[in-house]
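Take a look at the structure set out below.
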Amino acid sequence: MINSLLLTFGLPKYLWREALNTACHILNRVPLKRNTSTPFELWKGRKSSLKYFRVWGCLAKVLIPEHKKKKLGPKTVDVVFLDYVEISYASRFLVIKSEILGIEVNTIVEFRDAVFIEDVFPMKTGIPSSVSLDDSLASTSIPEHVEKMTNVGVNPSSTSLTYEELDEPRRSKRARVVKDFGSDFVTSNIEDDPITFKDAMASSEAKQWKEAVKSEVDSIVPNGTWKLVDLPPGCTTIGCKWIFKKKLKPDGSVDKFKARLVANGFKQKEGIDNFDTYYPLARLTTIRVLIALASVYSLPIHQMDVKIVFLYGELEKEIFMDQPEGFVAHGNERKVCKLVKSLYGLKQAPKQWHEKFDKTILAFDFTVNENDKCIYCKVKGDKIIILCLYVDDILLIGSCVDIITETKSFLKNKFEIKDVGEADVILGIKLIRSTDGIAISQSHYVEKIIEKFGYQNSRIAKTPYDSSEPYLKMKVVFRLHN
1430 MINSLLLTFG LPKYLWREAL NTACHILNRV PLKRNTSTPF ELWKGRKSSL KYFRVWGCLA
1490 KVLIPEHKKK KLGPKTVDVV FLDYVEISYA SRFLVIKSEI LGIEVNTIVE FRDAVFIEDV
1550 FPMKTGIPSS VSLDDSLAST SIPEHVEKMT NVGVNPSSTS LTYEELDEPR RSKRARVVKD
1610 FGSDFVTSNI EDDPITFKDA MASSEAKQWK EAVKSEVDSI VPNGTWKLVD LPPGCTTIGC
1670 KWIFKKKLKP DGSVDKFKAR LVANGFKQKE GIDNFDTYYP LARLTTIRVL IALASVYSLP
1730 IHQMDVKIVF LYGELEKEIF MDQPEGFVAH GNERKVCKLV KSLYGLKQAP KQWHEKFDKT
1790 ILAFDFTVNE NDKCIYCKVK GDKIIILCLY VDDILLIGSC VDIITETKSF LKNKFEIKDV
1850 GEADVILGIK LIRSTDGIAI SQSHYVEKII EKFGYQNSRI AKTPYDSSEP YLKMKVVFRL
1910 HN
């Protein structure tokens, strides 16, 4: 039935879920072969109304919300009927024609107000220009509240689509309050880290930040990253800034204060001081898979942190940068830094670092994964090691500690690198080891969000699972093929 719906009405295969829901909705209201009653009637104890049934895949027109209407321009949006919303008066539609900002084509939306043209199937035959909106709907207003799938509102008092006997519990008809999602965008900056150099030096933790800044400069300058020169005529500088970040321990306490000097790469001009800038980045999904493998097979996970990682790349183009704040050379205040080596913030810096690391690790008999270019593997006899590179963080997962130690020694000879030992926190994700495996957690992140928005004393909701219910261990079997 699902295949028939998709083929008959010309809808794409990715809408199979809506076709499945519609098929189930219909079959639950069709009498059984050996019984005159429908599954719905047997379950609910009453007959279902079929007045709201519509032809699947047909054209429908819905009114634009009042606040989106213009004096000149379309008043409706063309949609295709897809599915019934079980706990609401609304139906689910696919937007096929829209000139309204915020109502995008090829998005799935829910409306209560709709005029159905049940003999027109636009996904199969195209949209006829002669179809017009019913006059009775033109006076219907649509409030501004937000529906769950789009920002398009609907009118709960609509008469265009009424279910006289709604099959499932109805939603409240009271006007919904517009939700404020603005605070969601603040959560990305939950750390109390200084924004500027002046903020850091004026904070209560100025001593720690001074040490972090000095450590960064001591790593950069001896490496010959730049030379102080007079700015050539016709050239401009790209500037730089300090980035401050606290690194946390698994319990959420501060592990170290880190300062990073970053060039303002957004001022670079493509084709002048940079060309190809693409570089691969390990996917978080891949990292979770590696953690899962380590958990299932009880493999050790070690971590290393490469210092001044972007300084290993050699620059091919001349780039001039202002002297860093707080470290302007006395007597040479007017000079600028001519970058000799790559620096954080430059558009080509990540690419050059990855090329350097890739060449180095492949020379140590590692092979790169074709699906994720940041994953490397090495097999030595009956030993195996998997290496994951995430910018300056390196994860090492091996069948034994010996092969991990051997790889660490090689990397230490090639780069200035810190051996973290067994990984406790990976990209802000805490690893909790037990006899049953490895669990991942971001409890400290959640606690900071709660504190940030003042919800420390809020009531606890038992979601997504009731804590009083017993937990059952799921058995998972992995099969490895040679």
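Using our numbering, the first residue of the sequence shown is number 1430, and each one after it goes up by one.
Heads up, the beta-carbon is just placed ideally off N, CA and C, and yes, glycines get one too.
All values reported here derive from a predicted model rather than from experimental measurement.
DSSP bridge partner residues for residue i (one or two, in chain order)
i, result
"Val1544", "Lys1490"
"Met1750", "Cys1766"
"Lys1676", "Lys1685"
"Ser1520", "Tyr1513 and Phe1540"
"Val1534", "Answer by DSSP bridge pairing: none, since Val1534 is not bridged."
"Val1506", "Val1491"
"Glu1743", "Lys1770"
"Leu1657", "Cys1766"
Selection from the options that minimises the alpha carbon distance to residue i
i, options, result
"Ala1711", "Asn1798, Met1430, Pro1662 and Cys1766", "Asn1798"
"Tyr1773", "Leu1816, Lys1675, Phe1438 and Trp1655", "Trp1655"
"Lys1499", "Asp1512, Ile1529, Asp1542 and Leu1471", "Ile1529"
"Ser1477", "Arg1458, Leu1677, Ser1887 and Ala1721", "Arg1458"
"Pro1662", "Val1765, Val1735 and Asp1811", "Val1765"
"Glu1634", "Ile1855, Phe1686 and Gly1694", "Phe1686"
"Lys1670", "Asp1647, Pro1651 and Val1642", "Val1642"
"Val1718", "Phe1839, Leu1824, Thr1836 and Ile1846", "Leu1824"
"Val1875", "Ala1868, Tyr1884 and Ile1867", "Tyr1884"
"Leu1677", "Ser1872, Gly1857 and Ile1815", "Gly1857"
"Asp1680", "Phe1540, Gln1871 and Leu1471", "Gln1871"
"His1731", "Phe1482, Gly1668, Ile1832 and Asn1800", "Ile1832"
"Arg1763", "Lys1802, Ile1855 and Thr1666", "Thr1666"
"Lys1769", "Ile1716, Arg1541 and Val1650", "The question names Lys, but residue 1769 in the sequence shown is Val. Nearest C-alpha to Val1769: Val1650."
"Ala1778", "Asn1693, Leu1492, Ile1493 and Gly1850", "Asn1693"
"Tyr1481", "Asn1652, Ala1519 and Thr1625", "Ala1519"
Where residue i sits in the DSSP three-state scheme
i, result
"Val1615", "In this prediction, Val1615 has a pLDDT of 40, which is less than 50 and means its spatial position is unreliable; what the coordinates show is noted afterwards. Looking at Val1615 - three-state DSSP - the assignment turns out to be helix."
"Asp1609", "With a pLDDT of only 46 at Asp1609, under 50, the local geometry of the prediction cannot be trusted, and the value read off the model is given with reservation. Of the three classes helix, strand and coil, the one that applies to Asp1609 here is coil, per DSSP."
"Thr1796", "strand"
"Ala1868", "strand"
"Val1549", "coil"
"Cys1664", "coil"
"Ile1878", "helix"
"Ile1525", "strand"
"Trp1445", "helix"
"Lys1497", "helix"
"Trp1485", "coil"
"Lys1670", "strand"
"Leu1566", "With a pLDDT of 40 at Leu1566, under the threshold of 50, the modelled position of this residue cannot be trusted; read the value that follows with caution. Reduced to three states, the DSSP call for Leu1566 is helix."
"Val1646", "helix"
"Pro1468", "helix"
"Pro1913", "With the chain covering only 1430 through 1911, there is no way to say anything about residue 1913."
"Pro1623", "coil"
"Ser1478", "coil"
"Lys1462", "coil"
"Gln1885", "coil"
"Ala1452", "helix"
"Met1630", "helix"
"Lys1776", "coil"
Residue-chain proximity (residue i, chain C), Cβ-Cβ < 9 Å
i, result
"Ser1477", "Any reference to chain C falls outside this structure, which holds one protein chain only."
Check whether residue i and residue j have beta carbons under 9 Å apart
i, j, result
"Ile1813", "Pro1729", "no"
"Phe1550", "Cys1487", "yes"
"Asp1794", "Lys1809", "yes"
"Phe1749", "Val1691", "no"
"Lys1490", "Val1544", "yes"
"Ala1629", "Ala1688", "yes"
"Leu1461", "Trp1445", "no"
"Ser1771", "Tyr1741", "yes"
"His1783", "Tyr1708", "yes"
"Thr1796", "Cys1803", "no"
"Phe1673", "Pro1623", "yes"
Which ranges would you report for the beta strand (DSSP E) in the segment 1686-1740 if only whole runs of at least 3 residues count?
-> Listed in chain order, the beta strand (DSSP E) elements of length 3 or more contained wholly in the segment 1686-1740 are 1730-1735.
Alpha helix (DSSP H) segments (min. 4 residues) lying fully within the segment 1803-1868 | Counting whole runs of 4 or more residues, the segment 1803-1868 contains the alpha helix (DSSP H) stretches 1830-1843.
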